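2 protein chains.
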Amino acid sequence: MQRAGLQRGVGVALWRQIADGIRSGLTNGLVDDNGRLPPESELAERFGVNRHTVRAAISALAHEGVLHSVQGSGTFVRRRKRLVYPIGARTRFSSGFGRQTRDRQTELLDHAREAAASEVAEALGIKAGEEVLRLEMRGIADGLPVSRATSWFSAERFPKIVDLYLETKSITASLARLGIEDYLRASTGVEARHADEADTDELQLSPGAIVIVTRALNVDPDGVPIQFSFTRFPADRVELTIETARPTR
Amino acid sequence: MQRAGLQRGVGVALWRQIADGIRSGLTNGLVDDNGRLPPESELAERFGVNRHTVRAAISALAHEGVLHSVQGSGTFVRRRKRLVYPIGARTRFSSGFGRQTRDRQTELLDHAREAAASEVAEALGIKAGEEVLRLEMRGIADGLPVSRATSWFSAERFPKIVDLYLETKSITASLARLGIEDYLRASTGVEARHADEADTDELQLSPGAIVIVTRALNVDPDGVPIQFSFTRFPADRVELTIETARPTR
DNA sequence: TCTATTTGTCTATATCAATAGACAAATTTT
DNA sequence: AAAATTTGTCTATTGATATAGACAAATAGA
Chain A
26 MQRAGLQRGV GVALWRQIAD GIRSGLTNGL VDDNGRLPPE SELAERFGVN
76 RHTVRAAISA LAHEGVLHSV QGSGTFVRRR KRLVYPIGAR TRFSSGFGRQ
126 TRDRQTELLD HAREAAASEV AEALGIKAGE EVLRLEMRGI ADGLPVSRAT
176 SWFSAERFPK IVDLYLETKS ITASLARLGI EDYLRASTGV EARHADEADT
226 DELQLSPGAI VIVTRALNVD PDGVPIQFSF TRFPADRVEL TIETARPTR
Chain B
26 MQRAGLQRGV GVALWRQIAD GIRSGLTNGL VDDNGRLPPE SELAERFGVN
76 RHTVRAAISA LAHEGVLHSV QGSGTFVRRR KRLVYPIGAR TRFSSGFGRQ
126 TRDRQTELLD HAREAAASEV AEALGIKAGE EVLRLEMRGI ADGLPVSRAT
176 SWFSAERFPK IVDLYLETKS ITASLARLGI EDYLRASTGV EARHADEADT
226 DELQLSPGAI VIVTRALNVD PDGVPIQFSF TRFPADRVEL TIETARPTR
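Each protein sequence line maps, in turn, to chains A and B.
If you read the first sequence in this note's numbering, its first letter stands for residue 26, the second for the next number, and so on.
If you read the second sequence in this note's numbering, its first letter stands for residue 26, the second for the next number, and so on.
Structure follows, in structure tokens:
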């Protein structure tokens, strides 16, 4: 029963080494057929540390969404099936995840009126420096953050969008109130990078995690830009599917 | 002047993050033309931490041999030229590094009498379980560890090898006292792997460093095995050259 | 139902990590 | 020679990390 290579005094906390070890060792015969981890006391003995140190590691992984514990029963690996976020002409922020989860919600974290940066202005087809409304939103599914979006609207065209959103809890509904019965996803760019500090904070990720970033533009039926947004998805919780063509039926 | 992405409370000490940052940023315009780092106070401000935290990072890198500091002057990048360890028929542990360094020494860390494991027995041409003498040695050049060797000798044939080594400070001289005027390197195997805990400890490496491991057998002029040894070299301080053929002259 | 197992919570203690400030010692610049 | 710069050392304080032990609360199994 070896101490599995934990190193002390090297500037990396034991609980972090153990958390990384458990995460990478999930496939490695550590979990049983029911997706259950060995009891904390056994893990503590196996790693050669105190039970509380193991608990700190498990707590980090639980916060990250990898594990969850049940008092009296044990600690289990979470449903690792990623949510599928479809991207196509009819993509809607609120309904993206459809019926894949029981409990989902969108919350407005912050909003502001500001001058349009060049990239935003170009996307929305306005002049740089013109006023825009910025909305910071987060999507949560089954208690775990699955998306983090920053959106811009023209302040001149949609001055009341924030109030409407707070009332209706939906961008689609808000736009409908403003007479825009339909809108389309004109373009979507996709990138991936390591999580920065804001990501680890707001999406409950651990350092080193990967986020998928989409850059999207919604337009009205006449092709006039309505909404420009950046959305960050945790790569281990979400995958994207691109609908390039609509199946005929 | 950004805080360069340091993260607090994630189980990785700030000094370790800074040390890694400095090490990987050495090429990245951090050092000037004289190989000098910015003053500690400036680094502290740049990373957004206390000067003492920067000092902890520098201390780790100095211990690792990457940097060295001079009071009143500054902190400099060490001569990064690797020592060359030639391997051939006449390879001697003590004189391997020749005149590449001014100050070099070999020290005996530990020794023991034990039963030969199967690999050792096979190499030395004796029966498994026969007694052998194991010597743990370390080579130091300019104050920095450059090799770590474990050697086995037949206890029956060389019972006094440890005493002789302590007296002569040389394996070659010890064997000469025993009437073995010459010996040859019969075979050398070479591998590379990540440093384990013993390596980081005894070779002053940081976690994640790479070590080159040689597996060598020395024989007397009649081809009878004398010494079997494993040697670990830090890959960032030492490189091996293999002499396959001896130049005629 | 009773018992054993397992996670959750609490107190206490020691060491490491990080900050803060002051001053000494060596070096470089003026 | 004097001043400025830079590393080295010291004390003190706060919070994070890790250990130790005890017991509560929930669950599973006999």
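For glycine and all other residues, C-beta sits at the position ideal for the given N, C-alpha and C.
Quick caveat, the model's predicted, so the values are computed rather than measured.
Among the options, which residue has its Cα nearest to the Cα of residue i?
i, options, result
"E156(B)", "A38(B), P184(B), D188(B), L68(B)", "P184(B)"
"W177(A)", "A166(A), L191(A), G204(A), A148(A)", "A148(A)"
"G60(A)", "D188(A), R103(A), A81(A), E181(A)", "R103(A)"
"L189(A)", "L228(A), L39(A), S199(A), E181(A)", "S199(A)"
"T297(B)", "E216(B), L209(B), R173(B)", "Within the shown structure, residues of chain B are numbered from 26 to 274, placing residue 297(B) beyond reach of any answer."
"V171(B)", "V37(B), Q252(B), R107(B), L62(B)", "R107(B)"
"G34(A)", "A38(B), L31(B), G34(B), Q32(B)", "A38(B)"
"A141(A)", "S98(A), A180(A), A44(A)", "A180(A)"
"F101(A)", "A82(A), D57(A), T213(A)", "D57(A)"
"S94(A)", "D135(A), E65(A), F72(A)", "E65(A)"
"R163(B)", "I43(B), I47(B), W40(B), E227(B)", "E227(B)"
"L45(A)", "R182(A), A81(A), E70(A)", "Contrary to the premise, residue 45(A) reads as Asp rather than Leu in this sequence. Out of R182(A), A81(A), E70(A), A81(A) has the C-alpha closest to the C-alpha of D45(A)."
"V249(A)", "A166(A), G150(A), F72(A), A85(A)", "G150(A)"
"H136(A)", "E192(A), T175(A), R48(A)", "T175(A)"
"L133(B)", "I196(B), E67(B), S84(B)", "I196(B)"
"A220(B)", "E192(B), D261(B), A241(B), A69(B)", "D261(B)"
"A201(B)", "R71(B), I186(B), S212(B)", "I186(B)"
"L203(B)", "I251(B), S212(B), A241(B)", "I251(B)"
"G99(B)", "L68(B), R129(B), I165(B)", "L68(B)"
"I83(A)", "E70(A), G97(A), L62(A)", "L62(A)"
"L160(A)", "A153(A), L191(A), P259(A), W40(A)", "L191(A)"
"G73(A)", "Q32(A), G97(A), A85(A), E264(A)", "Q32(A)"
"R129(A)", "A153(A), A166(A), A85(A)", "A166(A)"
"R41(B)", "A85(B), E70(B), G154(B)", "A85(B)"
May I ask which residues mark the beginning and end of the alpha helix (DSSP H) holding residue i?
i, result
"R257(A)", "Careful: R257(A) lies outside any alpha helix (DSSP H), inside the beta strand (DSSP E) at 250–259."
"E192(A)", "186–193"
"R33(A)", "Here R33(A) belongs to no alpha helix (DSSP H), and DSSP marks it neither H nor E."
"L68(A)", "65–72"
"L149(A)", "143–149"
"S84(A)", "76–89"
The beta strand (DSSP E) with residue i in it runs from where to where?
i, result
"V109(A)", "108–112"
"T100(B)", "99–102"
"E156(A)", "156–166"
"V171(A)", "169–179"
"G130(B)", "With the sequence shown as reference, residue 130(B) is identified as Gln, and Gly is not the correct amino acid for it. It spans 129–140 - the beta strand (DSSP E) in which Q130(B) sits, taken as one unbroken run."
"V56(A)", "Note, V56(A): premise wrong, no beta strand (DSSP E); not H, not E."
"S94(A)", "92–95"
Taking residue i and residue j to be in contact with their CB atoms under 8 Å, please state how far apart those CB atoms are, rounded to whole angstroms.
i, j, result
"V145(B)", "F253(B)", "6 Å"
"T239(A)", "K194(A)", "That belief does not hold up - the Cβ atoms of T239(A) and K194(A) are roughly 22 Å apart, past 8 Å."
"G36(B)", "E222(A)", "Not really, about 15 Å apart at Cβ, beyond 8 Å."
"V236(B)", "D224(B)", "5 Å"
"L169(A)", "R138(A)", "Actually they are not in contact, since the Cβ atoms of L169(A) and R138(A) sit about 31 Å apart, beyond 8 Å."
"L55(B)", "I47(B)", "7 Å"
"A241(B)", "T213(B)", "5 Å"
Determine, using beta-carbon pairs with one atom in the segment 71–85 of chain B and one in the segment 108–117 of chain B, whether at least three such pairs fall under 8 Å. no
Would you be able to state if there are at least three C-beta pairs under 8 Å between the segment 82–97 of chain A and the segment 223–232 of chain A? yes
Would you check if there are 3 or more beta carbon pairs closer than 8 Å linking the segment 206–216 of chain B to the segment 239–246 of chain B? yes
Report the start-end ranges of each beta strand (DSSP E) in the segment 193–229 of chain A that is 3 residues or longer and not cut off at the edges. 209–219
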